[in-house]
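Trainee: Numbering (my numbering), first residue to last: 8 to 276.
The beta-carbon is built from N, C-alpha and C at its ideal position, and this holds for glycine as well.
(1) Is residue 85 helix, strand or coil when you go by DSSP?
(2) State the CB to CB distance for the pair residue 76 and residue 42, rounded to an integer number of angstroms; the pair is presumed to be in contact (CB under 8 Å).
(3) Between which two residues does the alpha helix (DSSP H) harbouring residue 156 extend?
(4) Keeping to the same chain, check which residues put their C-beta closer than 6 Å to that of residue 216; ignore five residues upstream and five downstream.
(5) Just to check my reading of the structure: residue 40 and residue 218 have Cβ atoms closer than 8 Å, yes? What is that Cβ distance to the nearest angstrom?
(6) Take the Cβ of residue 150 as the centre, count every other Cβ of all protein chains shown within 10 Å, and call the residue buried at 16 or more, exposed below.
(7) Using 8 Å for Cβ pairs, my map puts residue 192 next to residue 186. What's the rounded Cβ distance?
(8) Please classify residue 125 as buried or exposed, where buried requires at least 16 other C-beta atoms within 10 Å of its C-beta.
(9) Suppose you measure from the CA of residue 147 to the CA of residue 274; what does that come to, to the nearest Å?
(10) What is the DSSP secondary structure of residue 73, reduced to helix, strand or coil?
(11) Buried or exposed: which applies to residue 163, given that a residue is buried once 16 or more other Cβ atoms fall within 10 Å of its Cβ?
(12) Suppose contacts are defined by Cβ-Cβ distances below 8 Å. Is residue 145 in contact with residue 81 by that definition?
(13) Among 47, 272, 130, which residue has its Cα nearest to the Cα of residue 114?
(14) Alpha carbon to alpha carbon, how far is residue 103 from residue 168? Give it in angstroms, no decimals.
(15) Could you say which of 213, 272, 270, 135 lies nearest to residue 29 if we only look at CA atoms?
(16) Apart from the five residues on each side of it in sequence, which residues of its chain come closer than 8 Å, Cβ to Cβ, to residue 272?
(17) Within 10 Å of its beta-carbon, does residue 220 have 16 or more other beta-carbons around it, so buried, or fewer, so exposed?
(18) Between the alpha carbons of residue 210 and residue 107, how many angstroms are there, rounded?
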């Protein structure tokens, strides 16, 4: 089914939620950059659990190494028809293998089709979906541009990922709060600038594909940041001197009577 046919179906169902399908030009840049980052990171050594990162398989054809990048999990927020995952997973010579393909999609027709194709839908209404309790290898989002600020603030506050890719209107750089939040998640790089003038659904929007790469293990993850913001920091209580002296005295008394094992056991109990 063409994009135009899908749009007609979405409009007839009343579910056209500003879906501007990611263009092949953006997808090609995304694929190239993901391969570069993923192959460099190798086994994802910066994760607490290495199974949540990248791994690389190398085979040889005519004495030439052929690398396959394994991505443990890929979440597309506002996944649409699943074209981003389809492109990365099935494009070219199968250089990228995605184990867990995940998405969030509000339009029922789109979501039902994705489920039939083996893509896990972890939520329908993005703003009602909790992201803070899981970790992902890669997160991608091409948000509705009319609400991209609110969309990205929720995403960056909640999501835990090694790499985040966002397709944003170029004016995102003028939003100091959003830029600061993005910088708190990792190193930011603009992969390329694009437009939708000749897309299947034309628009005048000029956009940047940006990558946020969490290289530093010491950066707080979203769950730790949420705990500190909403509950507070947990601090180790200092031992009161009188209590420490009393505990020391009790221990000395027990050690003096260590020959009486039964009495020691009873007192310890």
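Mentor: Taking the geometry as given:
(1) It is coil, neither helix nor strand.
(2) Contact flag correct, Cβ pair sits at about 6 Å.
(3) In this chain, the alpha helix (DSSP H) harbouring residue 156 covers 155–165.
(4) Only 33, 36, 174, 198, 199 meet the Cβ criterion.
(5) Under the criterion of beta carbons closer than 8 Å, residue 40 and residue 218 qualify as touching, at roughly 6 Å.
(6) Looking at its Cβ environment, which holds 16 or more other Cβ atoms inside 10 Å, residue 150 is buried.
(7) That pair is no contact at about 11 Å.
(8) Residue 125 should be labelled exposed.
(9) Spanning the two alpha carbons is a distance of roughly 60 Å.
(10) Residue state, collapsed to three classes: strand.
(11) In the assembly as shown, residue 163 is a buried residue. Its beta-carbon has 16 or more other beta-carbons within 10 Å.
(12) Against a cut-off of 8 Å, the Cβ pair of residue 81 and residue 145 comes out as a contact.
(13) In terms of Cα proximity to residue 114, the closest of 47, 272, 130 is 130.
(14) One C-alpha to the other measures close to 18 Å.
(15) Of the listed residues, the one whose Cα sits closest to residue 29 is 213.
(16) Correct list: empty, nothing qualifies.
(17) Buried: at least 16 other Cβ atoms inside 10 Å.
(18) Each residue's alpha carbon lies about 32 Å from the other.
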